[in-house]
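Trainee:
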DNA sequence: ATGAAAGCGCTAACAA
DNA sequence: TTGTTAGCGCTTTCAT
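Residue numbers (UniProt numbering), protein chains in the order written: chain A, 1 to 359; chain B, 1 to 359.
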């Protein structure tokens with residue numbers, strides 16, 4: 001590395017490159033931007049100087065004057081959730097393919113941090129902000145999101161809501177999500193077709209739009225099969241493996257008035273499976289279990305889990321694709337992505353004796 | 001929202017806030033920065049104006065003149081790998097706790113994209129760049145990393161290598177990793193203690209430093225137990241569930257001269273378990289299996305997987321903690337994090353008849 | 001207590 | 001073909 005003493009304090013600037021190449025900063029800028037005719041001779045000199053000095057342009061200065069780098073920000077609860085991670089990967093992939101930079105922020109489910117992060121993204125000049133995951137939709141939420149949307153829109157950025165509803169169709173935000181109700185109805189139907197009549201929904205999260213929709217689908221399927229309304233049995237234990245485990249253990253301790261479990265998502269299913277095994281029962285022999293999302297390892301559960309496949313990566317891709325395609329912020333546009341059942345080994349007809357039996 | 005017509009083109013600037021508050025931009029800056037005495041009266045006026053206009057400072061302009069936001073960048077293969085995701089979460093958490101912004105970039109394993117991303121982070125002015133995950137350590141790698149380190153260092157930034165070696169102790173980079181060899185030796189010892197003598201290592205990746213270290217630990221344990229060198233049987237199928245599944249199927253088709261499998265990581269183990277089950281054999285009755293990393297769902301495999309716990313989130317936290325603590329770029333500093341075995345149900349003594357038997 | 005003005009590193013007119 | 005110059009939005013002396 002041909003190192004001068006020019007590099008004494010911090011980063012190399014365009015001026016130093018210019019000096020070394022014996023040209024003006026304008027020329028260097030032109031060469032580096034590549035959108036302006038420059039004779040090969042000087043071009044080479046400049047390039048050499050830049051390489052020798054290991055120069056990289058200051059993105060902030062660039063952003064200040066010109067467009068700046070296109071940047072998309074994804075905000076999610078946590079990256080360690082397989083489902084969210086896949087969505088993030090989808091966004092990242094689609095963004096990278098277009099030469100956009102992708103920033104991932106996590107909130108741990110705290111609306112305060114979400115707000116903070118969106119603010120931050122406004123400061124950084126993100127052109128596209130994607131909020132991922134279901135939320136409880138109360139007045140505070142509606143107001144908050146309306147503010148995001150307005151503010152982002154005012155500075156020419158776009159807001160996409162992934163798997164959460166728009167607070168109001170008039171707001172400048174795109175919505176992309178799965179048809180949770182349809183998916184839930186389908187998999188409940190699958191259980192019903194196998195002969196189950198007493199199915200508990202494990203993992204309700206009242207107020208959470210995604211879960212509420214699944215519960216709605218579950219109830220709808222029950223109704224379609226002519227079951228009375230009180231056949232529905234929803235346990236609002238929330239999401240996560242631990243919650244599923246705890247709730248299932250509790251449930252098995254009290255009553256066994258059910259032959260199948262519809263878990264709110266695959267992590268809940270994992271916890272439930274473990275709890276069932278701990279109780280000395282077998283899946284699907286004694287109890288059938290289904291999940292939601294088809295995370296990559298659902299196939300490796302014991303037994304392999306029958307679940308609803310929600311193409312998470314595609315959700316992420318779709319979010320950026322749609323946002324970038326659609327030229328005017330077609331307010332209130334709502335995109336629903338389809339899902340389908342993946343049948344594996346966690347469902348079979350209920351035990352004939354009418355209830356689960358100890359092994 | 002008290003909206004003026006000031007907001008016509010793009011973002012609200014500090015000047016508009018100044019006008020609305022009837023003060024100079026300097027005063028606004030002082031109020032917003034909060035590091036300068038300002039009389040409460042004007043302070044309130046400015047704050048009100050800023051809120052009315054929904055003003056957010058331009059981070060790029062700020063970065064240009066002063067410190068700019070502290071930013072740490074994590075580079076990894078993919079976020080959908082549970083292990084990497086946890087490392088990223090650790091980095092994110094530790095960074096957020098200090099008010100730093102965290103950027104996640106993925107490379108898909110392509111050194112070219114890694115280089116590109118590091119370059120990008122230099123442009124954006126990241127103060128800390130963390131490269132995560134093992135790599136093949138060839139001359140190209142060494143040269144590339146040396147360049148990163150030098151360049152980053154020249155602009156006052158820091159480089160941390162997580163789970164990959166420093167190309168040369170003189171380079172200004174920190175290394176934080178697990179003691180792969182010790183972990184592998186321990187779990188191999190666990191298998192040997194159970195009575196296994198013919199153990200295959202599934203998931204070698206020659207050149208990959210992390211895997212090579214595990215293979216070394218495996219060999220060391222074998223040697224310690226007085227087994228001949230040729231007792232080692234390493235299958236270089238690489239990582240990932242698919243690879244593990246394929247390689248294991250192949251292996252079962254040909255020979256069964258082994259009673260236990262040491263999978264290079266838990267995803268490989270997942271694939272192997274599936275392949276073994278597909279072949280009509282049972283774990284651990286016919287074959288014992290162990291993994292590496294203890295990903296969150298390892299407990300839900302069939303059977304629950306005995307594996308080596310590598311506290312991934314702690315690795316991420318440690319990376320930023322150490323990098324931020326240590327004031328001079330203590331070149332070549334090497335930090336080793338400990339691991340331990342998590343015993344579950346995938347290991348038992350080998351079948352007494354001397355080999356696996358069909359069910 | 002507050003304003004005016006000088007840049008931060010870069011790009012894009014405008015000159016030469 | 002290349003150089004000069006005026007900002008981009010902000011912070012920070014230096015005056016007032």
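Don't be surprised by glycine CBs; every beta carbon is placed ideally from N, CA and C.
1. Please state if the CB of residue 62 of chain A and the CB of residue 21 of chain A are separated by a distance shorter than 9 Å.
2. Flag this pair as touching only if the stretch 148 to 159 of chain B and the stretch 126 to 135 of chain B have three or more C-beta atom pairs under 8 Å; answer yes or no.
3. With 16 as the cutoff for other CB atoms within 10 Å, does residue 354 of chain A come out buried or exposed?
4. Would you grab the beta carbon distance between residue 79 of chain B and residue 91 of chain B for me? Rounded to a whole angstrom, and I think it's under 8 Å.
5. If I'm right that residue 349 of chain A touches residue 194 of chain A with Cβ under 8 Å, what's the distance once you round it to whole angstroms?
6. Per DSSP, which residues does residue 226 of chain A bridge with? Please list them.
7. Residue 305 of chain A: which of A:267, A:12, A:110 and A:280 sits nearest, CA to CA?
8. Let me confirm a value: residue 11 of chain A is counted as buried when at least 16 other C-beta atoms fall within 10 Å, else exposed. Which label applies?
9. Does the contact criterion of 3 or more C-beta pairs under 8 Å hold for the stretch 49 to 59 of chain B versus the stretch 270 to 289 of chain B?
10. Run down chain B in chain order and give the residues with a C-beta less than 7 Å from the C-beta of residue 348 of chain A.
11. Going by C-alpha distance, which of A:324, A:209, A:170 and A:190 is nearest residue 360 of chain A?
12. Measure from the alpha carbon of residue 311 of chain B to the alpha carbon of each residue in B:322, B:341 and B:286, then state which is nearest.
13. From residue 16 of chain B to residue 65 of chain B, what distance separates their C-alpha atoms?
14. For residue 113 of chain B versus residue 88 of chain A, is the C-beta spacing smaller than 9 Å?
15. Just checking my contact of residue 201 of chain A with residue 234 of chain A at CB under 8 Å: how many whole Å lie between their CB atoms?
16. Looking only at its own chain, which residues have a Cβ that is under 6 Å from the Cβ of residue 345 of chain A, when we skip the five neighbours before and after it?
17. Check the Cβ-Cβ distances between residue 256 of chain B and every residue of chain A, and say whether any is below 9 Å.
18. Suppose contacts are defined by Cβ-Cβ distances below 9 Å. Is residue 69 of chain A in contact with residue 100 of chain A by that definition?
19. Report the three-state DSSP secondary structure of residue 256 of chain A (helix, strand or coil).
20. I'd like to know whether the C-beta of residue 361 of chain A is nearer than 9 Å to at least one C-beta of chain B.
21. Compile a chain-ordered list of the residues in the stretch 240 to 272 of chain B whose CB is closer than 8 Å to at least one CB of chain A.
22. On a Cα-Cα basis, can you pick out the residue from A:120, A:126, A:250 and A:289 that is closest to residue 188 of chain A?
23. Please specify which runs of the beta strand (DSSP E), each continuous and at least 3 residues long, are wholly inside the stretch 182 to 218 of chain A, giving them in chain order.
24. For a contact meaning CB atoms closer than 7 Å, what does residue 362 of chain B contact in chain A?
25. Starting from residue 394 of chain B, trace the alpha helix (DSSP H) both ways and give me its first and last residue.
26. Using 8 Å as the cut-off, classify the Cβ of residue 89 of chain B as near or not near the heavy atoms of the ligand SAH, replying yes or no.
27. Using 10 angstroms around the beta-carbon of residue 77 of chain B, count the other beta-carbons present and answer buried if the total reaches 16, otherwise exposed.
28. Helix, strand or coil for residue 60 of chain B? Go by DSSP, reduced to three states.
29. Suppose you measure from the CA of residue 351 of chain B to the CA of residue 197 of chain B; what does that come to, to the nearest Å?
30. Say whether chain B places a C-beta atom closer than 9 Å to the C-beta of residue 113 of chain A.
31. For residue 81 of chain A, is the classification buried or exposed, using 16 other Cβ atoms within 10 angstroms of its Cβ as the cut-off for buried?
32. For a contact defined as C-beta to C-beta under 9 Å, what are the partners of residue 120 of chain A on chain B?
33. Within a Cβ cutoff of 7 Å, which residues of the same chain sit near residue 31 of chain A, ignoring the five residues on either side of it in sequence?
34. Name, going along the chain, the residues of the stretch 124 to 153 of chain B whose beta-carbon falls closer than 9 Å to a beta-carbon of chain A.
35. Which residue comes first and which comes last in the beta strand (DSSP E) that contains residue 235 of chain B?
36. If you draw a straight line from the alpha carbon of residue 149 of chain B to that of residue 318 of chain B, how long is it in whole angstroms?
Mentor: Taking the definition as stated:
1. No.
2. A contact exists between the stretch 148 to 159 of chain B and the stretch 126 to 135 of chain B.
3. At residue 354 of chain A, the pLDDT of 46 sits below 50, so the modelled position is not reliable; the number obtained from the coordinates is stated separately. By the 10 Å Cβ count, residue 354 of chain A comes out exposed.
4. Contact between residue 79 of chain B and residue 91 of chain B is absent: CB atoms are separated by about 12 Å, not below the 8 Å threshold.
5. About 5 Å; that satisfies the 8 Å criterion.
6. None, per the DSSP bridge assignment.
7. When only C-alpha atoms are compared, the closest one is A:267.
8. Counting Cβ neighbours within 10 Å, residue 11 of chain A comes out buried, since at least 16 surround it.
9. The stretch 49 to 59 of chain B makes no contact with the stretch 270 to 289 of chain B: fewer than 3 CB pairs, one atom from each, lie closer than 8 Å.
10. Neighbours of residue 348 of chain A on chain B: none; closest Cβ ~17 Å, over 7 Å.
11. Nothing about residue 360 of chain A can be read from this structure; chain A reaches only from 1 to 359.
12. Closest by alpha carbon: B:341.
13. Whole-angstrom Cα-Cα distance: 20 Å.
14. For residue 113 of chain B and residue 88 of chain A, no; Cβs fall outside 9 Å.
15. The beta-carbon separation of residue 201 of chain A and residue 234 of chain A, rounded to 5 Å, stays under the 8 Å limit for a contact.
16. For residue 345 of chain A, where only same-chain residues beyond five positions count, the Cβ hits under 6 Å are 303 and 304.
17. Chain A contact via Cβ: absent.
18. Closer than 9 Å, so yes.
19. Note: residue 256 of chain A maps to coil in three-state DSSP.
20. Since the displayed chain A opens at 1 and closes at 359, residue 361 of chain A lies outside it and no answer follows.
21. Contacts with chain A (Cβ-Cβ distance below 8 Å) from the stretch 240 to 272 of chain B involve 241 and 270, listed in chain order.
22. It is A:289 whose Cα lies nearest to the Cα of residue 188 of chain A.
23. Segments of the beta strand (DSSP E) lying fully in the stretch 182 to 218 of chain A: 199 to 202.
24. Residue 362 of chain B is absent from the structure shown; chain B starts at 1 and stops at 359.
25. Lying outside 1 to 359, the shown extent of chain B, residue 394 of chain B is not represented and no answer is given.
26. Annotation note on the ligand SAH: not contained in the displayed structure, which lists no ligands.
27. Buried: at least 16 other Cβ atoms inside 10 Å.
28. It is helical.
29. Residue 351 of chain B and residue 197 of chain B: Cα-Cα distance of roughly 12 Å.
30. Output row for residue 113 of chain A: interface = yes.
31. Buried, by the Cβ-count rule.
32. The contacting residues are 56, 59, 69 and 101.
33. Result list for residue 31 of chain A: 38, 43, 46 and 47, in chain order.
34. The residues in question are 124, 125, 147, 150 and 151.
35. Note, residue 235 of chain B: beta strand (DSSP E), 233 to 235.
36. Their backbone Cα atoms lie some 19 Å apart in a straight line.
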